[in-house]
Structures are given as C-alpha cells and as structure tokens.
Amino acid sequence: MKLSKKNLLYYLIASLLVSFSAGASAIGNTSANFQTYWHQFRTATLTNDYATFANFTRFPLPVKGRFTVTYQASEITKIFPRLMAQTIYQYQGGNLTKTTLLEAIKTKEKINYDAKDKIIRVDQFEFKFIDGKWFLTKAYLEE
Numbered sequence: 001m002k003l004s005k006k007n008l009l010y011y012l013i014a015s016l017l018v019s020f021s022a023g024a025s026a027i028g029n030t031s032a033n034f035q036t037y038w039h040q041f042r043t044a045t046l047t048n049d050y051a052t053f054a055n056f057t058r059f060p061l062p063v064k065g066r067f068t069v070t071y072q073a074s075e076i077t078k079i080f081p082r083l084m085a086q087t088i089y090q091y092q093g094g095n096l097t098k099t100t101l102l103e104a105i106k107t108k109e110k111i112n113y114d115a116k117d118k119i120i121r122v123d124q125f126e127f128k129f130i131d132g133k134w135f136l137t138k139a140y141l142e143e
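Counting along the sequence shown from 1, when you hit position 3 you're at 3 in the working numbering, and nothing is skipped either side.
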C-alpha cells in the first residue's frame with residue numbers, strides 16, 4: 001500500500017502521539033504543583049504542540065457535550081482544534097462576553113485554586129491530580 005505524503009504525515013503524527021501518551025506517566029508531566037502544570041499545559045495549547053498536550057492528558061479523554069465521546073491519543077488532532085475554536089461566555093467586569101476557548105486560555109496565565117484541590121476546572125477543561133501528577137481528564141464541547 002502506497003501512502004501519500006499527507007497521509008504519511010498524519011500517520012507519523014498519530015504514531016508519535018500514541019507513543020508520547022503511553023509514556024506520559026514517565027516523562028513530561030512531573031508537576032505536583034498545578035500552577036507549574038498549567039503554565040506547561042497552556043504553552044502547549046497556545047503553540048498547538050499536540051505531543052506535549054497529549055503528554056499532559058489522561059486517555060481515553062471523555063469530551064462531554066450533547067453526547068459524550070471518548071477520544072484516544074491518536075485522535076488528538078481531530079478534537080483539539082474543535083475544542084479551541086468553540087465559543088464560550090465569560091463574565092469580565094460585570095459583563096457577559098463571548099470569546100473562543102483559545103482566546104480565554106491566552107488570558108489565563110495564573111489560576112486561582114486551593115492547594116488541597118484534587119480536581120480543578122478551567123473553562124471547558126477539567127484537571128485531576130492522579131498519582132502525584134496533574135492531568136487533563138475531561139473536556140466539554142458545546143457545539
């Protein structure tokens with residue numbers, strides 16, 4: 001079977017994501033401090049670094065919306081752009097504003113949380129502290 005360059009590239013990216021996510025507990029995400037984790041997660045999100053994003057995510061990843069769909073690491077390039085492009089509403093200065101999840105993440109350099117928290121929700125993402133490390137464990141997609 002002959003693969004086109006485009007299909008070969010997709011295959012290579014998916015293979016890398018699977019291998020990176022399989023080793024997520026061993027490499028990459030080593031932070032017990034959520035703010036440190038958030039900085040690395042946010043950087044990966046803003047630069048479309050799918051491999052690092054996958055490394056900071058616990059798979060399978062349930063994405064809740066009208067229906068709950070579960071995604072594997074190899075599907076991150078399919079769901080990630082949809083998550084980032086979704087419209088969300090936030091209160092800013094007492095006013096309800098409309099933005100994308102990507103734009104909202106750009107403004108969130110620091111997250112306020114209690115150090116005792118084991119689950120933290122930031123906009124459409126839910127993070128959980130598992131085995132001494134933080135992971136993205138759930139996402140919400142409102143389309």
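The beta carbon of each residue, even a glycine, is placed where N, CA and C say it ideally should be. Values in this document were obtained by computation on a predicted structure and should not be read as measured data.
DSSP beta-bridge partners for Leu83? Partner(s): none; Leu83 has no beta bridge.
At 3 residues or longer, and completely inside the region 41-128: list those beta strand (DSSP E) runs for me, N to C. 61-64, 69-71, 87-92, 95-100 and 119-122
List the DSSP bridge partners of Leu136. Thr57 and Phe127
What distance in whole Å lies between the Cβ atoms of Ala85 and Pro96, which are believed to be in contact at a cut-off of 8 Å? Here the sequence assigns Leu to residue 96, which means Pro is not the residue at that position. Wrong, their Cβ atoms sit about 20 Å apart, outside the cutoff.
Straight-line Cα distance separating Leu141 from Phe67: 9 Å
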